[in-house]
Each structure stands twice: as structure tokens, then as C-alpha cells.
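Heads up: the sequence shown at position 107 corresponds to 116 in my numbering, and the numbers run straight through without jumps. Heads up, the beta-carbon is just placed ideally off N, CA and C, and yes, glycines get one too. Heads up, the thing below is written out as C-alpha cells.
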Amino acid sequence: MIRSYEDLEIWQRSVALADVIYDVLEQLPSDERYALDKQMRRAVTSISLNIAEGYGRHSTKEFVHFLYIARGSLSEVKTQILICRMRKFVDAATFNSINGEATEIIKMTSALIRKLLRRC
């Protein structure tokens with residue numbers, strides 16, 4: 010039974026993804042600290058924040074709206090980690106792991122959106 014957004018697997022996994030991204034960002038070259046670093050931090054933290062905020066609205070319609078925003082932020086993170094890979098800031102294994110996890114969370118978010126919309 011879900012009593013809080015913290016019980017949602019998509020929230021738990023998005024928080025874990027943020028933790029991994031923060032570790033990656035610590036390894037970025039110093040000249041990327043104020044560009045890609047800040048943008049990635051905003052995007053990855055907004056995922057779990059939007060899930061939490063949407064859940065807290067106590068309205069299915071608003072929850073779905075915030076899930077769409079979270080899903081958009083996931084796509085942003087996928088693009089940013091791809092740029093990191095192309096610039097050789099991360100290795101292939103790190104890229105594959107992060108990209109794969111973000112893809113899975115997108116799928117889970119889309120499934121939750123569909124489920125919630127069927128209830129409306």
C-alpha cells in the first residue's frame with residue numbers, strides 16, 4: 010500500500026539516480042562545473058521533486074501533470090549524460106548504466122501515468 014510518495018519505486022529510483030549523477034558530476038573537468046554541472050543537477054533533482062510535489066497535491070490530474078514534468082527531466086538527463094559520454098567525461102559503462110536506469114524510470118513513469126489516467 011502506498012502511503013507516501015516515498016513508497017513509490019519511481020521516486021526511490023529517481024533519488025538513487027540523482028545520487029549517481031552527483032558522483033559523476035564531481036569528476037567533471039573544472040571548466041564544466043558551471044555549465045553542464047548546474048544544468049544536470051537541476052534536471053536530476055527535479056525528477057524526484059516533481060514526483061513528490063505531484064503526489065502531495067492530492068489530485069490525480071495534478072499528479073499526472075507533475076509526472077509528465079518528471080518524465081521530461083528524465084529525458085533531459087539522458088541527453089546530458091549522452092553529451093558527457095560524447096565529450097569523454099564518462100566511460101561507456103557509466104553511460105550505459107545511467108542511461109539504462111533513466112530509461113527504466115521513464116517507462117515506469119509512463120506506466121503510472123497511463124494507470125492514473127484510466128482512473129480519471
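- With fewer than 16 other Cβ atoms from the protein chains shown falling within 10 Å of its own Cβ, M95 counts as exposed.
- Residue environment: Q36 is assigned as exposed (fewer than 16 neighbouring CB atoms within 10 Å of its CB, all protein chains considered).
- In this structure, T54 keeps its C-beta atom at 7 angstroms or more from the C-beta atom of R80.
- Only residues of its own chain outside the window of five on either side were considered, and among them T69 have a CB closer than 7 angstroms to the CB of R128, listed in chain order.
- Between the beta-carbon of M49 and that of V24 there is about 15 angstroms, and that puts the pair past the 8 angstroms contact cut.
- DSSP, reduced to helix, strand and coil, places C93 within a helical segment of the structure shown.
- Here the alpha carbon of A52 sits roughly 21 angstroms from the alpha carbon of D100.
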